[in-house]
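First the structure, in the form of structure tokens, and then the observations on it.
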Amino acid sequence: MHGFFSIFILAGSAFYAFGVVNFNIQNGLSEGGLTGLTLIILALFKIDPGLSNILINIPLFLIGWRLVGRNMLIYTIVGASSFSFFLSFFRRYFMFDIPLQDDMILVALFAAVFKGVGVGIIFRYGGTTGGTDIASRIGNTYFGWSMGKTLFIIDIVVITSSLLYLNYREVMYTLVSVFIASRIIDIIQQGAYTAKSVMVISNKNEAIANKLTYEMNLGVTLWEGKGGYTGRDKDLLYCVVNRNEIFRLKETIKHIDPTSFIAGSDVHEASIQGHSLDEYKNLWTTDKRNN
Numbered sequence: 004m005h006g007f008f009s010i011f012i013l014a015g016s017a018f019y020a021f022g023v024v025n026f027n028i029q030n031g032l033s034e035g036g037l038t039g040l041t042l043i044i045l046a047l048f049k050i051d052p053g054l055s056n057i058l059i060n061i062p063l064f065l066i067g068w069r070l071v072g073r074n075m076l077i078y079t080i081v082g083a084s085s086f087s088f089f090l091s092f093f094r095r096y097f098m099f100d101i102p103l104q105d106d107m108i109l110v111a112l113f114a115a116v117f118k119g120v121g122v123g124i125i126f127r128y129g130g131t132t133g134g135t136d137i138a139s140r141i142g143n144t145y146f147g148w149s150m151g152k153t154l155f156i157i158d159i160v161v162i163t164s165s166l167l168y169l170n171y172r173e174v175m176y177t178l179v180s181v182f183i184a185s186r187i188i189d190i191i192q193q194g195a196y197t198a199k200s201v202m203v204i205s206n207k208n209e210a211i212a213n214k215l216t217y218e219m220n221l222g223v224t225l226w227e228g229k230g231g232y233t234g235r236d237k238d239l240l241y242c243v244v245n246r247n248e249i250f251r252l253k254e255t256i257k258h259i260d261p262t263s264f265i266a267g268s269d270v271h272e273a274s275i276q277g278h279s280l281d282e283y284k285n286l287w288t289t290d291k292r293n294n
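Structure representation (structure tokens):
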């Protein structure tokens, strides 16, 4: 399993490093976190970002190895070291001439896509590129700072510090790129597919459950509840449904009980017995037909 995950972490590191070299460095765009710090060091002292990245990460590994757990430490070392390697490798051998300074929106978008996809893959398979993730855990453990606040502060400090070698315009494009990349990371990490979880309060939940189970092939759960105002016992029905089926589900429920209460929320991942929601529904339907 370590080897399987490591392959994806290596691929994500390569993808991210390629974008940093060919869009950020080539076109005067900074970055957040430790990567942004290595770009500042490159601009001011001409030190290779791959070298500075691994040198800064080493003391963080030594300080934070007790905080992240064995598996995450292994994947973090894989991610940080491979990202450092690919930064140096691409900068030396695959730094293409892509002058896009006249269209910085395009630069920001492409930099965001490469970071978002690359880091999203790394996160999805349990790794990190080191640096700020470990720093945020240290801040949380020893100083009580929230990890989100720590990461935000580090990004702001690093991007603001980029004014040492960039102008305000380039720093603002960096902020746009970092924001877009964060959205892409969420999509890659959680999955672009989003289902809906539905909670139903009705006096006819058993009839609704039968309808959803045998006509829509949905798995449903019934809970016992009590009205906060009336004190009456009520059944609560819970199920997860694909987004394209939500309209049919609501129409089915309203047909049985027009007075029912329906609440829905997004679900970014759903699996049953090791299968995705769609795979499980197909297996369940086939098994039902065979019996």
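Counting in the working numbering, the sequence shown runs from 4 upward without gaps.
Don't be surprised by glycine CBs; every beta carbon is placed ideally from N, CA and C.
Whole angstroms are fine: how far does the CA of residue j sit from the CA of residue i?
i	j	result
S16	F7	15 Å
L65	G35	23 Å
W68	T216	48 Å
L37	K257	53 Å
F48	R186	32 Å
G44	T177	The amino acid at residue 44 is misidentified as Gly; the sequence shows Ile. So the alpha carbons of these two residues sit roughly 17 Å apart.
H278	T79	With a pLDDT of 47 at H278, under the threshold of 50, the modelled position of this residue cannot be trusted; read the value that follows with caution. Spanning the two alpha carbons is a distance of roughly 28 Å.
L221	V270	15 Å
I101	F21	12 Å
G31	F155	22 Å
W287	N245	At W287 the pLDDT is 46, less than 50, meaning the model places this residue with poor confidence; the figure from the coordinates comes in the next sentence. Those two C-alpha atoms are separated by around 16 Å.
F11	A210	46 Å
V223	R235	22 Å
N206	I108	55 Å
What residues are listed by DSSP as bridge partners for residue i?
i	result
S268	S200
Y241	M202, T224
Nearest to residue i by alpha carbon, out of the options?
i	options	result
P261	L63, V203, I43	V203
I137	F89, E173, I77	I77
D238	G228, F126, N213, S55	G228
P62	A46, L42, A83, R73	A83
M75	T132, K199, N170, I159	T132
I157	K199, D100, S139	S139
S87	R73, A115, D51, A114	D51
Roughly how far, in whole angstroms, is the beta-carbon of residue i from the beta-carbon of residue j, given that I think they are within contact range, below 8 Å?
i	j	result
L225	N208	6 Å
R127	Q192	5 Å
F117	Y232	About 54 Å; that fails the 8 Å criterion.
L13	N27	Contact flag wrong, Cβ pair sits at about 20 Å.
V161	L40	5 Å
G267	K199	5 Å
For the region 37-99, list the alpha helix (DSSP H) runs that are entirely contained and at least 4 residues long, ordered along the chain. Those alpha helix (DSSP H) runs which fall completely within the region 37-99 and span 4+ residues are 52-71, 73-96.
Which runs of the beta strand (DSSP E) fall wholly inside the region 147-235 and span at least 3 residues, in chain order? Taking only runs of at least 3 residues, the beta strand (DSSP E) segments lying wholly in the region 147-235 are 198-205, 223-229.
Where are the alpha helix (DSSP H) runs, 4 residues long or more, that stay fully inside the region 95-128, in chain order? Whole alpha helix (DSSP H) segments, 4+ residues: 107-127.
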